[in-house]
Amino acid sequence: MNDASKPIPVADSDSAPFWEGCREHRLLIQRCASCKTPRFPPMRACPKCHSTLSEWFEASGRGTVYSWIVVQHPVPREVYGQDVPYVVALIDLEEGVRMVSNIIGLDPRAIGANMPVEVTFEPGEGDVVLPKFKPREAP
Amino acid sequence: MFTLRDKYAIAGLGETAYTKNSGTTVLNLAVEACQKAADDAGVPVEEIDGIISYNFGDSVPAIAVATALGIPNAGYAVDFAGGGNAANLITLTAAAAIEAGLAKSVLCFRAMNGRSGFRLGGGREFQARGITQYTAPFGWITYPQAMAMWCRRHMIEYGTTAEQLGSVAITFRENASLNERAMQREPITMDDYMASRFIVEPFRMLDICLETDGACAVLVTKAEHARDLRHTPVYIMGGAYGGGPNQGEDLFDAIRWPDHSQNYAAYIADDLWRSAGIGPQDVDLAEIYDCFTYSVIMQLEGLGFCKPGEGGPFVASGAIKRDGSLPLNTHGGLLSEAYIHGLNHVLEAVRQLRGEAGPRQIPGAEIALTTAGAMTCGSAMVLRA
Chain A
5 MNDASKPIPV ADSDSAPFWE GCREHRLLIQ RCASCKTPRF PPMRACPKCH STLSEWFEAS
65 GRGTVYSWIV VQHPVPREVY GQDVPYVVAL IDLEEGVRMV SNIIGLDPRA IGANMPVEVT
125 FEPGEGDVVL PKFKPREAP
Chain B
9 MFTLRDKYAI AGLGETAYTK NSGTTVLNLA VEACQKAADD AGVPVEEIDG IISYNFGDSV
69 PAIAVATALG IPNAGYAVDF AGGGNAANLI TLTAAAAIEA GLAKSVLCFR AMNGRSGFRL
129 GGGREFQARG ITQYTAPFGW ITYPQAMAMW CRRHMIEYGT TAEQLGSVAI TFRENASLNE
189 RAMQREPITM DDYMASRFIV EPFRMLDICL ETDGACAVLV TKAEHARDLR HTPVYIMGGA
249 YGGGPNQGED LFDAIRWPDH SQNYAAYIAD DLWRSAGIGP QDVDLAEIYD CFTYSVIMQL
309 EGLGFCKPGE GGPFVASGAI KRDGSLPLNT HGGLLSEAYI HGLNHVLEAV RQLRGEAGPR
369 QIPGAEIALT TAGAMTCGSA MVLRA
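Have a look at this one:
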């Protein structure tokens with residue numbers, strides 16, 4: 005463990021395709037192979053029809069802001085001190101799943117509810133690539 | 009649904025001092041609170057045969073406390089994984105265990121060095137596994153951050169304001185000023201609240217509860233047994249534990265939760281009131297889980313004290329003050345008394361119903377509600393004198 009590093013997402017057998025997709029700058033989402041309901045995070049069974057058959061598809065990367073916070077007092081300070089203020093948001097993707105991510109590329113004061121955003125990819129710790137979101141023009 | 013109305017009672021209370029640095033071990037804190045609860049009830053340790061706790065990996069096992077207390081036959085010793093959601097779950101479970109014949113007298117405790125030892129949110133693994141791989145790498149790590157996200161959604165949907173949040177902090181601090189155990193007793197004004205620095209917008213410092221070293225314990229036993237003991241019993245009328253669908257993989261995980269403007273309370277309300285045989289209008293006072301100012305608003309709405317979206321105006325109206333229609337958190341709550349993960353709420357409710365709350369006593373208090381939890385799952389209990 006490196007005290008100065010940000011948390012490193014550790015892929016598991018369910019999540020490996022998601023993180024592999026990020027490395028290729030593709031936002032891959034799992035869905036049920038039976039009823040086609042998307043689900044995030046990936047998991048064994050479909051919450052809707054309970055089928056254990058699953059597949060992956062590339063999401064549009066477009067979504068809207070469901071809620072957001074502006075972190076002013078970071079924990080741990082030695083890791084996030086240089087980033088504040090930073091924005092964490094719940095993003096509702098067009099495909100019907102919700103993700104946690106950062107909104108980058110604008111003043112936190114300019115963020116509003118249901119603001120349209122789109123995915124962009126940024127390097128994280130090590131060889132990790134993180135999906136982040138930036139404003140987009142409303143359709 | 010809990011169906012043991014008035015069959016079980018809380019017969020004893022114990023707690024340690026609430027501090028920022030206890031200078032002792034968590035085990036010693038737990039033992040002190042449990043010994044006091046048994047003494048308060050007048051039950052010899054030899055008669056205790058059950059012990060239940062809950063923790064986040066920040067406490068000591070129930071069997072360790074049973075051993076240190078010298079309980080000769082701790083037949084029912086259970087540790088729940090949980091924090092502020094479980095404070096009423098353990099008392100309800102104690103009653104259920106006694107009903108099932110698994111024990112006769114059960115100690116329920118929560119103990120931790122929550123300030124000097126294990127601080128929540130500060131020590132998360134820096135390898136983000138499981139659900140945290142989708143949250144922590146984005147700097148979403150602490151409970152204030154999580155709850156601020158819910159609060160923002162309520163503000164978006166209903167126009168809930170900073171001043172409404174502030175009125176919760178101010179009211180509970182007023183109550184704490186009458187409580188010698190409270191860690192924070194200096195009154196605060198709305199100017200103080202608005203001037204307190206942002207930790208994570210929309211939360212300021214004064215929206216966030218204390219970090220505390222300390223322990224609380226209660227003794228649960230059969231009602232007819234309790235009537236032979238030292239104090240007037242406080243009966244468990246009803247209770248509920250749970251939440252809605254998609255509660256997630258841990259208390260922090262709300263990715264799948266459909267509506268962040270309403271929490272577990274909305275889902276357990278029907279069971280709670282049906283089990284107790286009363287409604288919100290019958291409650292004389294309530295000790296509502298206030299890990300953050302905002303969590304109070306969501307629970308008041310969810311449990312039916314006001315309509316969804318009206319929680320902000322309700323708390324700001326004065327209704328929650330000591331002389332209001334629904335006195336809340338008469339000891340100062342987690343925001344100003346101490347953060348013993350909601351079990352201190354149960355102690356205060358029992359004291360009020362015994363008429364032992366001294367300068368902060370609510371006159372004529374006969375029925376009290378206690379709640380525990382802020383996000384996707386939680387527990388609540390109705391007590392009566």
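Note that the protein sequences, when read in sequence, are chains A and B.
Remember, this note's numbering sits 4 above the position in the first sequence when you count from 1.
Remember, this note's numbering sits 8 above the position in the second sequence when you count from 1.
Here a beta-carbon is modelled for each residue, glycine too, at the ideal position from N, C-alpha and C.
What you are looking at is a predicted structure, and each value in this text was computed from that prediction instead of being measured.
Asked: Going by CA-CA distance only, name the one from Gln141/B, Ala85/B, Pro80/B that's closest to Asp18/A.; Found: Gln141/B
Asked: Might you give, ordered along the chain, the residues of its own chain that have their beta carbon closer than 8 Å to the beta carbon of Met5/A, omitting 5 neighbours on each side?; Found: Only weak support is given to the placement of Met5/A: the predicted model assigns it a pLDDT of 34, under 50, and the question is left unresolved by the model.
Asked: Between the alpha carbons of Glu219/B and Ser124/B, how many angstroms are there, rounded?; Found: 9 Å
Asked: With a Cβ-Cβ cutoff of 9 Å, do Leu280/B and Ala388/B count as a contact?; Found: yes
Asked: Given a threshold of 16 other Cβ atoms within 10 Å of its Cβ, counted over all protein chains shown, does Phe61/A qualify as buried or as exposed?; Found: exposed
Asked: Give the straight-line distance between the Cα atoms of Tyr62/B and Phe88/B, rounded to the nearest whole angstrom.; Found: 4 Å
Asked: Can you give me the Cβ contacts of Asp96/A inside the same chain, cut-off strictly under 6 Å, excluding the 5 residues immediately before and after it?; Found: Gly67, Thr68, Tyr70, Arg102
Asked: Kindly identify the DSSP beta-bridge partner or partners of Ala17/B.; Found: Thr229/B, Tyr243/B
Asked: Spatial neighbours of Ala41/B within its chain, please: CB distance less than 6 Å, with the 5 preceding and 5 following residues excluded, ordered by chain position.; Found: Gly22, Glu23, Thr24, Phe117, Ala223, Cys224, Ala225
Asked: On the premise that Gln172/B lies in contact with Ser344/B, defined as a C-beta separation below 8 Å, what is that separation, rounded to the nearest angstrom?; Found: Wrong, their Cβ atoms sit about 18 Å apart, outside the cutoff.
Asked: Would you say Val92/A and Val104/A are within 9 Å of each other, going by their C-beta atoms?; Found: yes
Asked: Could you please give me the residues that DSSP links to Ala136/B through a beta bridge?; Found: Pro13/A
Asked: Kindly indicate the opening and closing residues of the alpha helix (DSSP H) around Asp200/B.; Found: 198-203
Asked: Taking the alpha carbon of Glu99/A as the point to measure from, which residue in Phe44/A, Lys52/A, Asp87/A has its own alpha carbon closest?; Found: Phe44/A
Asked: For the alpha helix (DSSP H) containing Asp153/B, name the first residue and the last one.; Found: The amino acid occupying residue 153/B in the given sequence is Gln; Asp does not appear at that position. Taken as a continuous stretch (DSSP letters only), the alpha helix (DSSP H) holding Gln153/B covers 151-166.
Asked: Which residues in the same chain have their Cβ closer than 6 Å to the Cβ of Ala37/A, if we skip the five residues on either side of it in sequence?; Found: Leu57, Ser58, Glu59
Asked: With 9 Å set as the bound, which would you pick, yes or no: does the beta-carbon of Thr384/B sit closer than that to a beta-carbon of chain A?; Found: no
Asked: Under 9 Å, Cβ to Cβ, is there at least one residue of chain A near Gln160/B?; Found: A small fix is needed here, since residue 160/B is Arg in this sequence, not Gln. It does; some Cβ of chain A falls within 9 Å.
Asked: In angstroms, rounded to a whole number, what distance separates the CA positions of Arg27/A and Val133/A?; Found: 5 Å
Asked: Under 8 Å, CB to CB, which of the residues in the segment 42-60 of chain A have a partner in chain B?; Found: Phe44, Pro45, Pro51
Asked: How long is the line joining the alpha carbons of Lys40/A and Tyr297/B, rounded to whole angstroms?; Found: 40 Å
Asked: Check Asn63/B in the structure and name its three-state DSSP category.; Found: strand
Asked: Would Lys54/A be called buried (16 or more neighbouring beta carbons within 10 Å of its own) or exposed?; Found: First, the amino acid is wrong: residue 54/A is His here, not Lys. It counts as exposed.
Asked: Anyone know if the C-beta pair for Asn352/B and Tyr151/B falls short of 9 Å?; Found: no
Asked: Going by C-alpha distance, which of Pro46/A, Gln86/A, Asn106/A, Ala114/A is nearest Glu126/A?; Found: Asn106/A
Asked: What ranges does the alpha helix (DSSP H) occupy inside the segment 319-377 of chain B, keeping only unbroken runs of at least 4 residues that lie completely in it?; Found: 319-324, 341-344, 351-362
Asked: Tell me the rounded alpha-carbon separation between Ala294/B and Met198/B.; Found: 23 Å
Asked: Roughly how far, in whole angstroms, is the beta-carbon of Gly386/B from the beta-carbon of Asn93/B, given that I think they are within contact range, below 8 Å?; Found: 5 Å
Asked: In this structure, how does DSSP classify Ala382/B when only helix, strand and coil are distinguished?; Found: coil
Asked: Where does Pro21/A sit, in a helix, a strand or coil, going by DSSP?; Found: helix
Asked: Listing by chain order, which chain A residues have their CB less than 8 Å from the CB of Ile139/B?; Found: Pro45
Asked: Helix or strand or just coil, what does DSSP make of Pro145/B?; Found: helix
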